[in-house]
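For my numbering, add 22 to where a residue sits in the sequence shown, where the first one is 1.
Ideal Cβ positions, reconstructed from N, Cα and C, are used throughout, including at glycine.
A short write-up of the structure that comes next.
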Amino acid sequence: MGPREVTAVPAARTLASPLETARFGRPVERLTVCGENDPPFPAVRAAILESAADVIVLRYPAERVDWFAKLLTTGRTVLLADSLVHWRLAVGRGRGAPPAPGLWTGALGDPEAAGALVGEIFAGYRNHYAADPLFDACDLRECYADWTRGPVAAGGCLALYGPGPGEGESRVIGLATVADDGPATEILLAGVVPGERGRNRYAHLLAAVEDRARARGGTEVVISTQGHNTGVQRAWARYGFEPVRTLFTVHLVRRGLIPSS
């Protein structure tokens, strides 16, 4: 449910995050150590020391439990900003969703409509930005609207349609944005509007993504969310997804930027 990673690099180096830099009006960089061919901590520390960014958003494997204390030696203020849990589904193993009258899925190519819908779906949701007082003015609805534009423009937005207010009418009640990377299809954002929750609507979205992955010859669907978002993880488990890894998220803030009182 969360946005796609800005970068996942095999070597330890920070990369600029232009969207976040523009959004928050201060230099933001990212570094993701994804658990495959991990660089050792000294290399990560060196990359952090070389960066002049106000904020580095670092993600690293949760099993590196000793890293947090070591990050305190970088000279930056270290903020714990939740975790990111990754799940995976082998295409063809999803449990699907029973047919429901009036429900169907199709492409959504209107960025403004998708942005407004995702703002409604994620209203009140809190991600890692909430841990950082430098980002406290962030309107997450606008962030999520921004994150839909690229996938919509690339044809990677699936909408779930349901009965509308009038007879014979339909309306969009959910969406999923996706990106393909080799054999994997990643779900970037997915959800249904509040009034349609608890009715198995979400499973129809997952089934549509799995069908799309199968049609293009893909072998797996991957998705991630904040660790605290246990409700959606239960839905993934019911559908057939399995957890594969957890990354800690920390913000490394240049010393002196956060007021002491």
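### Message
Could you compute how far the alpha carbon of Gly-178 sits from the alpha carbon of Val-254?
### Response
21 Å
### Message
Give me the residue from Ile-78, Trp-109, Ala-112 with the minimum Cα distance to Gly-97.
### Response
Ile-78
### Task
Note down the Cα distance separating Thr-54 from Leu-80, rounded to an integer number of angstroms.
6 Å
### Message
Contact between the segment 245-252 and the segment 108-125 is defined here as three or more beta-carbon pairs at a separation below 8 Å; is this criterion met?
### Response
yes
### Task
Following the continuous alpha helix (DSSP H) through Gly-137, name the residue where it begins and the one where it ends.
133-143
### Query
Helix, strand or coil: which one does DSSP assign to Gly-220?
Coil at Gly-220, not helix or strand.
### Message
Given this structure, state the Cα-to-Cα distance separating Ala-181 from Tyr-82, to the nearest angstrom.
### Response
For Ala-181 and Tyr-82, the distance between alpha carbons rounds to 33 Å.
### Query
By DSSP, does His-2 sit in helix, in strand, or in coil?
Not covered by the structure: residue 2. The range shown for the chain is 23 to 283.
### Query
Between Leu-41 and Asp-154, is the Cβ-Cβ spacing less than 8 Å?
no
### Query
Counting pairs of Cβ atoms below 8 Å between the segment 211-226 and the segment 114-127, do you hit three or more?
yes
### Message
So for Gly-253, helix, strand or coil by DSSP?
### Response
helix
### Query
Within this structure, are the beta carbons of Val-66 and Ala-103 separated by less than 8 Å?
no
### Query
Is Thr-170 closer than 8 Å to Gly-137 when the C-beta atoms are compared?
yes
#### Entry: Whole-angstrom distance between Ala-237 and Asp-202, CA atom to CA atom
Rounded to the nearest whole angstrom, the C-alpha separation of Asp-202 and Ala-237 is 12 Å.
### Query
Quick one: Cα of Ile-280 to Cα of Leu-156, how far?
Ile-280 and Leu-156: Cα-Cα distance of roughly 7 Å.
### Task
Kindly identify the DSSP beta-bridge partner or partners of Trp-20.
With the chain covering only 23 through 283, there is no way to say anything about residue 20.
### Task
Just the C-alpha distance for Gly-146 and Gly-217, rounded to the nearest angstrom, thanks.
Rounded to whole angstroms, Gly-146 to Gly-217 spans 15 Å at the Cα level.
### Query
Among the residues of its own chain, which have a CB less than 7 Å from the CB of Val-266, if the five just before and after it don't count?
Cβ within range, chain order: His-108, Trp-109, Arg-110.
### Task
Would you decide whether Pro-17 is buried or exposed? Buried here means 16 or more other CB atoms lie within 10 Å of its CB.
The structure shown has nothing for residue 17, since the chain only spans 23 to 283.
### Task
Could you tell me if Ala-260 is buried or exposed, where buried requires 16 or more neighbouring beta carbons within 10 angstroms of its beta carbon?
Per the sequence shown, the amino acid found at residue 260 is Arg instead of Ala. That one is exposed.
### Query
Quick one: Cα of Asp-76 to Cα of Leu-269, how far?
22 Å
#### Entry: Euclidean distance between Cα positions of His-150 and Tyr-166
Going by the C-alpha atoms only, they are around 13 Å apart.
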